[in-house]
Structure formats: C-alpha cells, structure tokens
Amino acid sequence: MTTAAAALERVTQVPGVRGSLLISGTDGLVVAERLMDGIDGRAVAALAASLVQRLGRATTGAGMRAPTFVHLRGDSGSVLAAPGGDDLVLVAVVEPNGNLGLARIEMLDAVGRLS
Amino acid sequence: MRALEPWVAAPLETFIAESSARLILLMTTSGQVIAQHGFSRSLEVMTAAALGAAIVASTEEIARLTGTSRFGAVIHGGNRQSCMLAAFGTPRGRWIGLVVFGTETSVGIVQLFFDRMVEELVSAAPREQPPPPLLAENFENELNTSLKELFGR
C-alpha cells in the first residue's frame, strides 16, 4: 500500500467519515481517493482546492500565515481540509455526527507523513 | 458574452460566473462560432476557432490511430494562463469549447463547471434537426454573418 493510500485508509476509518481524498492544491484535481458511493470526488476536489487557495490568499492578505487546517461545516456534514507539502491537500467529507476531533488528528498526522 | 443562439446564453453565463474563465469560445467541429466571451476582435475569434477545431481534429485522429476512445479534453497549462479544449455532443451536433483561464481559478474548477455547462446545453438544446453542414461556397458568408452578430457590428 502506498503512503497516500495508507493515509486515506486511516482517515476513512474514523467514525462518520464518508470519504477522503488527496488532491492537488493548485489544480483542484484528484490524486487519490477513497469515497463512499454518492460522493462526487471530482467536485469535492475542485471546490475544496479553491476554498483552501482562497482562504490562503485571504489570510496572507490579512498578514497571517496560510491555514494549516480548514473546517467547513454545513447542515448535512462537514468538509475538512489539511494542506500539506508538495501542493497536496488532504480532504475528508464527514457526516454531521462524525468524530471531527479524531478526523482532524488523523488528517494532520497523515499530512505530516506525506510531506 | 455574445451567442448566436439564445438558448446557449444562460448555460454559458453560469459557466463564466462559476469558473472565472477569462475567454471562452463555443464552436462547431467545422470551426463555425456559436458563442464567445472575452474576445475583443473578430480576427482573434476566427483564428482561435480555426486552431481549436484543428487541434480537436488532430487529437481525435491520434485517438483513432492509437485505438482509444476520444480524448475528453486537451489542457495546456501555463504559468499565468492555461487553456482547455474539449469536444462534446449536443442535439445540434458535435461542438467544441475553448476556455482560457488564469491563476484565479483552477483546471479542476474549469472542468467541473464546463461539464455542468455541457449538461445544461444538452438539455436546453431545441430538439429539431441539426443544421446541415456548411458548404464551401457558403462558408465565408456564414462566417462573416456570425462574426457580425457576435461582435454587434
């Protein structure tokens, strides 16, 4: 199993995580994915990359460092994103009652191993 | 944004708004322009349409030679601007989209909303017979007429 596949495996094992993806931060394209049926990985990758990029510009513009973790919460779940090295971003789609804290820890750990 | 056929306008406007594309050209596989956004001169449109149609024809021939199905899209990545060229089927025949975009967006976003635009175009297209292929003797007149309509002069 590759490092990327192992990282996705660990994140998707967290209760409530419906899928995870490793994406290219600049292009918004999927590098690797592990998703449940019904999740459009291509759309998640494109939109999450755009979100991380724009937040990075906003925080840099405000004189702060780029975010190390992004949590976008909605009525039907959350999208978590952890930017890493080599322009990669680890993204997870989580149900409303998912274990967000554990997902965050696993994602930051996984991104650290990927860099 | 200008379109020769009114039902093309809404899907194209949505695509432009969502993707932040700088330039877009919709054309038939023979290079006849359907709609454009961002071009300021008719000469640029004529050149881009001819080159785009030629590139798609070349890639489809390469796909045929290598025994693969048609390529989905051709993307030329650049430092400041990138270009995507993709052919797709509509009830009005096979069309080509040429999109130029900058670093304010990404290839993933452009592809995502381009595919959505194609879906909207396919469902919005009038279900009548596609226009007959252009004859060589009519081509120049047709081209000049469509460019006048697209540039409003």
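Order-wise, the sequence lines are chains B and A.
So the number in my numbering is just where the residue sits in the first sequence, counting from 1, plus 610.
So the number in my numbering is just where the residue sits in the second sequence, counting from 1, plus 7.
Even for Gly, the Cβ is constructed at its ideal location relative to N, Cα and C.
1) Taking Cβ positions, are R29 of chain A and G109 of chain A nearer each other than 8 Å?
2) How about T622 of chain B and S634 of chain B: do their beta carbons lie closer than 8 Å?
3) Cutting at 7 Å between CB atoms, please list the residues of its own chain near A656 of chain B, excluding the five before and the five after it.
4) Give me the subset of the region 650-664 of chain B whose CB atoms are less than 7 Å from a CB atom of chain A, sorted by chain position.
5) Just the chain A side, please: which residues come within less than 7 Å of L639 of chain B by C-beta, in chain order?
6) Can at least three beta-carbon pairs, one atom from the region 10-29 of chain A and one from the region 640-652 of chain B, be found at a separation below 8 Å?
7) Would V689 of chain B pass as a contact of A659 of chain B if the rule is Cβ separation under 8 Å?
8) Take every Cβ of the region 711-725 of chain B, pair it with every Cβ of the region 682-699 of chain B, and state whether three or more of those distances are shorter than 8 Å.
9) So A16 of chain A and M8 of chain A are in contact, right, with Cβ under 8 Å, and what is the actual spacing, rounded?
10) Which full runs of the beta strand (DSSP E) of 3+ residues lie inside the region 60-144 of chain A, going along the chain?
11) Can you give me the Cβ contacts of G666 of chain B inside the same chain, cut-off strictly under 6 Å, excluding the 5 residues immediately before and after it?
12) With 8 Å set as the bound, which would you pick, yes or no: does the beta-carbon of T669 of chain B sit closer than that to a beta-carbon of chain A?
13) Name the two residues that bound the continuous beta strand (DSSP E) containing A702 of chain B.
14) Kindly list the residues whose CB is nearer than 7 Å to the CB of E705 of chain B, restricted to its own chain and excluding five residues on each side of it in sequence; keep chain order.
15) Along the chain, where does the alpha helix (DSSP H) that runs through G687 of chain B open and close?
16) Can you give the Cα-Cα distance for P133 of chain A and E127 of chain A, rounded to whole angstroms?
17) Select from B:H681, B:V721, B:E619 the residue whose C-alpha is nearest the C-alpha of L710 of chain B.
18) Measuring only from the beta carbon, is G638 of chain B closer than 7 Å to any heavy atom that is part of the ligand PLP?
19) Which chain B residues are close to L119 of chain A, counting only those with a beta carbon under 7 Å from its beta carbon?
20) Measure from the C-beta of T622 of chain B to each C-beta in chain A and report whether the shortest distance is under 8 Å.
21) Taking the alpha-carbon positions, what's the T54 of chain A to I31 of chain A distance?
22) Per DSSP, what kind of secondary structure is Q623 of chain B in: helix, strand or coil?
23) So the candidates are A:S130, A:E156, A:Q118; which of them puts its Cα closest to the Cα of E25 of chain A?
24) Say whether chain C places a C-beta atom closer than 8 Å to the C-beta of Q43 of chain A.
25) How far does the alpha helix (DSSP H) with L718 of chain B in it reach, from first residue to last?
26) At least one CB of chain A closer than 8 Å to the CB of T636 of chain B: is that the case?
27) Is L664 of chain B helix, strand or coil when you go by DSSP?
This is what the structure gives:
1) yes
2) no
3) G638
4) R652, A653, A655, A656, A659, S660
5) V114, G115
6) no
7) no
8) yes
9) 7 Å
10) 81-83, 88-97, 100-109
11) A676
12) no
13) 698-704
14) G626, R628, G687
15) Segment 687-693 is the beta strand (DSSP E) holding G687 of chain B; no alpha helix (DSSP H) there.
16) 12 Å
17) B:H681
18) Ligands are entirely absent from the displayed structure, and the ligand PLP is therefore not among its contents.
19) R652, A653, A656
20) no
21) 13 Å
22) coil
23) A:Q118
24) No chain C appears in this structure, whose protein chains are B and A.
25) 710-724
26) yes
27) With the sequence shown as reference, residue 664 of chain B is identified as Arg, and Leu is not the correct amino acid for it. Looking at R664 of chain B - three-state DSSP - the assignment turns out to be helix.
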